[in-house]
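Undergrad: Pasting a structure here, questions to come.
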């Protein structure tokens, strides 16, 4: 699951360490079950598609809201594997990724979805790319990836427009597309990740990209992903969240609520005071507000220029995985308790 969900389903208090369930290939051919239970599913991400909200989660569930998160309905999904991450670039075009290396695309605001890629295809793409290089080590790693089948989850999807995007996941899995996901190319050799560490988060600001992962992995590009450098980070634990603020400040957060900022492109990092020592699962920018959600069910809110995190309890201790602004200026946080709507001004819950 996303950097988080298996941790959510483990005993309370466990760190959000990814121990993914053994999804089988069958879930790629089984459509998600439609029914009222989907409205109570564990949700892993939420994103705006124009004025609509789209959320994804366990067992391939996709939920839509056209009133700012006050009411939800289920959308048909072609798979029943867990979906971990979601992004829309406009009101129509969006992508979701998840377990079994699946990539889904919607061209109608989330009403309908088509499979563009699965884990077996992703492994075959990397193996073909490795064989072209003649690198014996890379070929051996790609052969192992292919032999494992479609068991590697994708955890991040990031598109800049309706054509150009990337997906990232466990064991360094990384692919890129230039045609909206119709075809994919391996991106693994472009990332300085020789140990194949899990890739948990990605942030963009113009041509600058930051990728964060397990065991303190931090990668940065200033040329829109053509080249990357590995940053010497301040922490050897895993990072699950990243953002690049409008003023170019880099933020990375992860295990035990660790949060760090850099004002010099990752040359140096400073610790940011976080009053809640629970693992951070997502960092989002909503207007002039910085929003973070954590495993303790807390939303942390701050301004963008002066970082002072104010905690707001949202889900009675149940982990939160993502948050999005709504078209009417409220917020919707998602996680183990489903979707919950909050007022941004007061940060008080106003609907479920």
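In mature numbering (1 follows the signal peptide of the UniProt record, and there is no 0), the protein residues as written are -21 to -1, 1 to 331. Virtual Cβ for every residue (Gly too), placed ideally from N, Cα, C.
#1: Output needed for residue 258: all residues of its chain with C-beta closer than 7 Å, excluding positions within five of it in sequence on either side, in chain order.
#2: Residue 332 by DSSP, collapsed to three states: which one?
#3: Any idea which residues DSSP pairs residue 156 with across the strands?
#4: Which residues bound the alpha helix (DSSP H) around residue 105?
#5: What did DSSP end up calling residue 180 once you bin it into helix, strand or coil?
#6: In whole angstroms, what separates the C-alpha of residue 110 from that of residue 118?
#7: When we look at the beta-carbon of residue 313 and count the other beta-carbons within 10 Å, is it buried (16 or more) or exposed?
#8: For residue 36, which residues from the same chain have a beta carbon less than 6 Å from its beta carbon, with the 5 sequence-adjacent residues on both sides left out?
#9: On the DSSP letters alone, give me the boundaries of the alpha helix (DSSP H) that residue 118 sits inside.
#10: From the DSSP output, read off the bridge partner residues of residue 302.
#11: Per the DSSP calculation, residue 220 is bridged to which residue(s)?
#12: Mind checking whether residue 80 and residue 101 have CB atoms under 7 Å apart?
#13: Buried or exposed for residue 158, going by 16 or more other Cβ atoms inside 10 Å?
#14: When burial is assigned at 16 or more other CB atoms within 10 Å of the CB, is residue 276 buried or exposed?
#15: Can you tell me whether residue 132 is buried or exposed, with buried defined as 16 or more other CB within 10 angstroms of its CB?
#16: Would the C-beta of residue 271 count as close to the ligand NAD, meaning under 6 Å from any of its heavy atoms?
#17: Mind checking whether residue 241 and residue 251 have CB atoms under 7 Å apart?
#18: I'd like the span of the beta strand (DSSP E) that includes residue 268, first residue to last.
#19: With DSSP run on the structure shown, which of helix, strand or coil describes residue -1?
#20: Assuming residue 280 contacts residue 291 under a Cβ cut-off of 8 Å, what Cβ separation, rounded to an integer in Å, is found between them?
#21: State the beta-bridge partners of residue 26 as determined by DSSP.
#22: If we count the other Cβ atoms within 10 Å of its Cβ and call it buried at 16 or more, is residue 97 buried or exposed?
#23: Around the Cβ of residue 113, are there at least 16 other Cβ atoms within 10 angstroms (buried) or fewer (exposed)?
#24: Taking the continuous beta strand (DSSP E) assigned at residue 206, which residues delimit it?
#25: Whose C-alpha, out of 227, 225, 213, 244, is nearest the C-alpha of residue 238?
#26: Do you know how far the Cα of residue 266 is from the Cα of residue 322?
#27: Can you give the Cα-Cα distance for residue 74 and residue 89, rounded to whole angstroms?
TA: Concretely, from the data shown:
#1: For the purposes of this step, residue 258 is identified with residue 279 of the chain shown, where counting begins at 1. Counting only Cβ-Cβ distances below 7 Å, and skipping sequence neighbours, we find -7, -6, 219, 233, 234, 235, 236, 273, 274.
#2: With the chain running from -21 to 331 in the structure shown, residue 332 is simply not present.
#3: In the chain shown, the residue the question calls residue 156 occupies position 177. According to DSSP, residue 156 bridges with 144.
#4: Taking the chain shown and counting its residues from 1, the one referred to as residue 105 is at position 126. 98 to 112 is the span of the alpha helix (DSSP H), which, as asked, contains residue 105.
#5: Taking the first residue of the chain shown as position 1, residue 180 is located at position 201. Under the three-state reduction of DSSP output, residue 180 falls in the strand class.
#6: Counting from one through the chain shown, the residue named residue 110 turns up at place 131. Counting from one through the chain shown, the residue named residue 118 turns up at place 139. The straight-line gap from Cα to Cα measures roughly 6 Å.
#7: Position 334 of the chain shown, counted from the first residue, corresponds to residue 313. Classification of residue 313: buried, given that the 10 Å Cβ count is 16 or more.
#8: Residue numbering aside, residue 36 sits at position 57 when the chain shown is read from its first letter. Excluding sequence neighbours, residue 36 sits near 20, 21, 22, 23.
#9: Residue 118 sits at position 139 when you count from the first residue of the chain shown. From DSSP, the alpha helix (DSSP H) with residue 118 extends over 115 to 127.
#10: As a first step, residue 302 must be located in the chain shown, where it is residue number 323. When beta bridges are read from the DSSP output, residue 302 appears opposite 312.
#11: Along the chain shown, read from residue 1 onward, the residue named residue 220 stands at position 241. Bridge partners of residue 220 according to DSSP: 232.
#12: Here the question's residue 80 lines up with position 101 in the chain shown. Here the question's residue 101 lines up with position 122 in the chain shown. Closer than 7 Å, so yes.
#13: Indexing the chain shown from 1 puts residue 158 at position 179. So residue 158 ends up on the exposed side.
#14: Mapped onto the chain shown, residue 276 falls at position 297. Residue 276 should be labelled buried.
#15: Counting from 1 along the chain shown, the entry for residue 132 is found at position 153. Note on residue 132: 16 or more other CB atoms within 10 angstroms of its CB, so buried under the neighbour-count rule.
#16: For the ligand NAD, the structure offers nothing, since it holds no ligand at all.
#17: Here the question's residue 241 lines up with position 262 in the chain shown. Here the question's residue 251 lines up with position 272 in the chain shown. Cβ atoms of residue 241 and residue 251: not closer than 7 Å.
#18: Position 289 of the chain shown, counted from the start, is the residue given in the question as residue 268. Residues 268 to 273.
#19: Taking the chain shown and counting its residues from 1, the one referred to as residue -1 is at position 21. Reliability fails at residue -1, whose pLDDT of 42 lies under 50, so the model's placement of it is uncertain and no value is given.
#20: Reading the chain shown from its first residue, position 301 is the one you call residue 280. Reading the chain shown from its first residue, position 312 is the one you call residue 291. Contact between residue 280 and residue 291 holds: CB atoms are separated by about 6 Å, below the 8 Å threshold.
#21: For the purposes of this step, residue 26 is taken as the residue at position 47 of the chain shown. For residue 26, which the question treats as bridged, DSSP gives the partners 33.
#22: Residue mapping note: residue 97 aligns to position 118 of the chain shown, counting from 1. With 16 or more Cβ atoms within 10 Å of its Cβ, residue 97 is classed as buried.
#23: As a first step, residue 113 must be located in the chain shown, where it is residue number 134. Counting C-beta atoms within 10 angstroms of its own C-beta, residue 113 has fewer than 16 neighbours from the protein chains shown and is therefore classed as exposed.
#24: Here residue 206 corresponds to residue number 227 of the chain shown, with the count starting at 1. Per DSSP, residue 206 belongs to no beta strand (DSSP E) and is neither H nor E.
#25: As a position in the chain shown, residue 238 is number 259, starting the count at 1. The closest CA to that of residue 238, considering only 227, 225, 213, 244, is found on 213.
#26: Counted from its first residue, the chain shown places residue 322 at position 343. Counted from its first residue, the chain shown places residue 266 at position 287. Rounded to whole angstroms, residue 322 to residue 266 spans 14 Å at the Cα level.
#27: The residue you call residue 74 lines up with position 95 of the chain shown. The residue you call residue 89 lines up with position 110 of the chain shown. When rounded, the distance between both Cα atoms is 9 Å.
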